[in-house]
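In terms of our numbering, the sequence shown is numbered consecutively and its last residue is 1201. Glycine is no exception: its CB is placed at the ideal position from the N, C-alpha and C atoms. As the structure is a prediction and not an experimental result, all values here were calculated from the model. Worksheet: the structure to be examined is printed underneath.
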Amino acid sequence: MLALSFLASGLGAQTEDRSRATTTPIEHLIVVVGENLTFDNLFATYEPPPGETVANLLSRGIVDRDGKPGPNFADAAQREASVRERYQVTPAGTGTLPKLPPPGTTSAKGLPKSVPDARFPPELPNGPFRITRYVAFSAPVGDPVHRFFQMWQQFDGERRDLFTWVGLTSGQGAVRRDDPQSGTNQGGVAMGFYSMASGDASYFRALARSYAIADNYHQPVMGGTGANFLALSTGHAGAYVIAGKPALPPANQIEDPDPRTGSNNWYKESGYRGGSYTACADASQPGVKAIHDYLAALPYKTFNDGNCAPGTYYLVNNYDPGYAFDGTPQPLGAQKFMLPPQVAPNIGTALTAANVRWKWYSGGRTANGIDQDLYCSICDPLTHSTAVMTGALRANLQDLGAFFRDLGDEKTLPAVSFVIPPNPESGHPAYSTVYALEQFVNGLVARVQANPAVWGKTAILVTTDEGGGYYDSGYIQILDFFGDGTRVPLFAISPFATKGHVDHTYYDHASILKFIEHNWRLSPLSDHSRDNLPNPDMRESDPYVPANRPAIGDLMNLFKF
């Protein structure tokens, strides 16, 4: 059974600062996490330096250099399906969409809410479309659905052909969530991408050409921001626990993706103020059997038999943390949509136990509280942790101003820094843009490079928490019940990064944990965390699929030491 307790008394038992006792020349790791972009959404038409290859929409012939339909455009065509009684991971198809419906505005800043976006044509060819053919690169666009059971259906057993249909049918974004006739107003927004070959994201393109990227790096959970940040910090999903023991969440907070009576795939219980927990060890629970059946049919055994503990409900979407800013436990209840305090080990407690200095810097956090317009509570996963929030470690959660002050002196900068941009600079569709995230990363990298004492010993990893429901053409290795999910970008910016390299090794957010553990000689966080998985055996015959599945790399192949 999954161990849910954590003995915090051992924290700081040593006295020697082990921050510089590394296995590589990297003494400072800075992890920057934006939001909600898939690899193809950003790198669809990226062309690597000579001698390098990349798997994207352009190399697959799905689009051309200008982002127009390519010779293999039909490979990304979206189809329709039918789900009438029970949730299905791979629904029976009912045909191919004749055209792509216009992208919806959803909640895009400065636009009418939840209507077809008038900047786009009323119909688009059925497949990926270049966003900047119709709107400026710096302009906000709509926000695709990006939740757990929806992403499993979008994936559709490696066919990746239900992104649009799931957006139209599952109910997320509806004006009336209880009315399947009200529509979701998503349209074809999930199929949008940017085109580096046409001038989009020129700074990110320059980073990729100057340093290293991975084109086989994935979000760890089929779901949204909160679940994926928890996986980044713990290597696993959050659990509904009271006093450290599994408990039963309120009924309205349990996810139910079975279709409402008379509807086609309109989920019974799902939403940001609705179901987000699932008891994934229990095949009688809504939606669970379909995923178990899919796992059982895989040609390899998944991690820890699906990595689900009996009697335990896991968070697979977004709920707020169980602690207030000052460490006070938040009230729980049917209308309190938050994850109870967590007792599982995390990267903060592990680094502290090894006497390696770390901090988590969040945009919108201030010395006296938080700025709600700038701060992302579900992007601050260590605020879920009892060991962090009820003791001295809470002081390690700081604001961006503290990061830039610490950056000024190589002796004050922690060995491991997590940096979360403010909401408007996160890259998240609707309230931010890729352009804004570029500007944030540009400023951060410039300030690191301006201090040679820091830059000469540093690696900056830039990624996103998850793909935001955007289409991606890449392979996904199913590791357990929770995922993996779609590919997301990963940059390795460092004097030690292999210049212009595109690394095909299989990675997800647990790879960041594995890199930290390798570099600072730490053990895996727990028995169930994915950092226990072996490094992949990658072979030329299939450079994207590990021969020893399930397996996840430790990012070392991005560097040349």
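C-beta atoms of alanine 830 and proline 784 nearer than 7 Å: As a working mapping, residue 830 is identified with position 190 in the sequence shown. As a working mapping, residue 784 is identified with position 144 in the sequence shown. Closer than 7 Å, so yes.
Whole beta strand (DSSP E) runs in the region 660-710 with 3 or more residues, listed along the chain? 668-674
Exercise. Along the chain, where does the alpha helix (DSSP H) that runs through valine 806 open and close?
Worked result: The residue labelled residue 806 in the question sits at position 166 within the sequence shown. If you look at valine 806, you'll find it in the alpha helix (DSSP H) that goes 803-809.
Length of the line joining the Cα atoms of cysteine 1016 and glycine 866
Residue 1016 sits at position 376 when you count from the first residue of the sequence shown. Residue 866 sits at position 226 when you count from the first residue of the sequence shown. Roughly 10 Å separates the two Cα atoms.
Determine the DSSP secondary structure at serine 1069, reduced to helix, strand or coil.
For the purposes of this step, residue 1069 is identified with residue 429 of the sequence shown, where counting begins at 1. Per the sequence shown, residue 1069 should be read as proline rather than serine. It is coil, neither helix nor strand.
What's the C-alpha gap between aspartate 1105 and histidine 668? Taking the sequence shown and counting its residues from 1, the one referred to as residue 1105 is at position 465. Taking the sequence shown and counting its residues from 1, the one referred to as residue 668 is at position 28. If I take the Cα positions, the gap works out to 21 Å.
### Query
How about the region 979-995 and the region 1150-1169: do they share at least three Cβ pairs that are nearer than 8 Å?
Yes, since at least three Cβ pairs between the region 979-995 and the region 1150-1169 fall closer than 8 Å, the two stretches touch.
| query | On the premise that proline 756 lies in contact with proline 742, defined as a C-beta separation below 8 Å, what is that separation, rounded to the nearest angstrom? | reply | In the sequence shown, counting from the first residue as 1, residue 742 sits at position 102. In the sequence shown, counting from the first residue as 1, residue 756 sits at position 116. That belief holds up - the Cβ atoms of proline 742 and proline 756 are roughly 4 Å apart, short of 8 Å.
inquiry  = Using only CA atoms, which one of Gln718, Pro1092 and Asp960 lies nearest to leucine 802?
reply    = Sequence index remark: in the sequence shown, residue 802 carries index 162 (1-based). Ranking the options by Cα distance to leucine 802, first place goes to Gln718.
Exercise for the section: Mind reading off the beta-carbon distance from asparagine 944 to histidine 1168? Whole number of angstroms is fine, and I expect it under 8 Å. Expected result: Position 304 of the sequence shown, counted from the start, is the residue given in the question as residue 944. Position 528 of the sequence shown, counted from the start, is the residue given in the question as residue 1168. Sure, about 6 Å apart at Cβ, within 8 Å.
Quiz prompt | Span of the alpha helix (DSSP H) around tyrosine 1075 | solution = What you label residue 1075 is simply residue 435 of the sequence shown in a count that begins at 1. Counting along the chain, the alpha helix (DSSP H) containing tyrosine 1075 begins and ends at 1074-1089.
- Can the beta-carbon of lysine 749 be found closer than 7 Å to that of tyrosine 1071? Here residue 749 corresponds to residue number 109 of the sequence shown, with the count starting at 1. Here residue 1071 corresponds to residue number 431 of the sequence shown, with the count starting at 1. The answer is yes: Cβ separation under 7 Å.
For alanine 1099, which of Phe1199, Val1128 and Asp1049 has the nearest alpha-carbon? Residue 1099 sits at position 459 when you count from the first residue of the sequence shown. Looking at the Cα atoms, Phe1199 is the closest of the given residues.
ask   = Less than 7 Å separating the beta-carbons of glycine 962 and proline 985?
value = As a position in the sequence shown, residue 962 is number 322, starting the count at 1. As a position in the sequence shown, residue 985 is number 345, starting the count at 1. It is not a contact, given that the beta carbons lie outside the stated cut-off.
Practice prompt. My understanding is that threonine 824 touches tyrosine 1111, with C-beta atoms under 8 Å, so please give their C-beta distance in whole angstroms.
Written response: Against the sequence shown, residue 824 aligns to sequence position 184. Against the sequence shown, residue 1111 aligns to sequence position 471. That belief does not hold up - the Cβ atoms of threonine 824 and tyrosine 1111 are roughly 17 Å apart, past 8 Å.
Query raised in the report: So what does DSSP say about glycine 866, is it helix, strand or coil?
Result: As a working mapping, residue 866 is identified with position 226 in the sequence shown. Correct three-state label for glycine 866: helix.
Valine 956 versus Val1081, Gly914 and Gly973, residue with shortest Cα-Cα distance:
Start at 1 with the first residue of the sequence shown, and residue 956 comes out as number 316. The shortest C-alpha separation from valine 956 is found at Gly914.
Close Cβ partners of glycine 927 (< 6 Å) along its chain, the five nearest in sequence each way excluded
Here residue 927 corresponds to residue number 287 of the sequence shown, with the count starting at 1. So the qualifying residues of the chain are Tyr727, Phe789 and Pro897.
Does the Cβ of aspartate 657 have 16 or more other Cβ atoms within 10 Å, making it buried, or fewer, making it exposed?
-> Taking the first residue of the sequence shown as position 1, residue 657 is located at position 17. It is exposed - the Cβ of aspartate 657 has fewer than 16 other Cβ atoms within 10 Å.
For this session: Kindly indicate which three-state DSSP category methionine 831 falls into: helix, strand or coil?
Result: Within the sequence shown, residue 831 is the residue found at index 191, counting from 1. Looking at methionine 831 - three-state DSSP - the assignment turns out to be helix.
- prompt: Quick one: Cα of valine 996 to Cα of alanine 1032, how far?
  reply: Numbered from 1 along the sequence shown, position 356 holds the residue referred to as residue 996. Numbered from 1 along the sequence shown, position 392 holds the residue referred to as residue 1032. Whole-angstrom Cα-Cα distance: 15 Å.
With distance defined between alpha-carbon atoms, name the residue in Ala879, Pro761, Val1102 and Gly1096 nearest to glycine 1083. Your numbering for residue 1083 matches position 443 in the sequence shown. The option with the nearest alpha carbon to glycine 1083 is Val1102.
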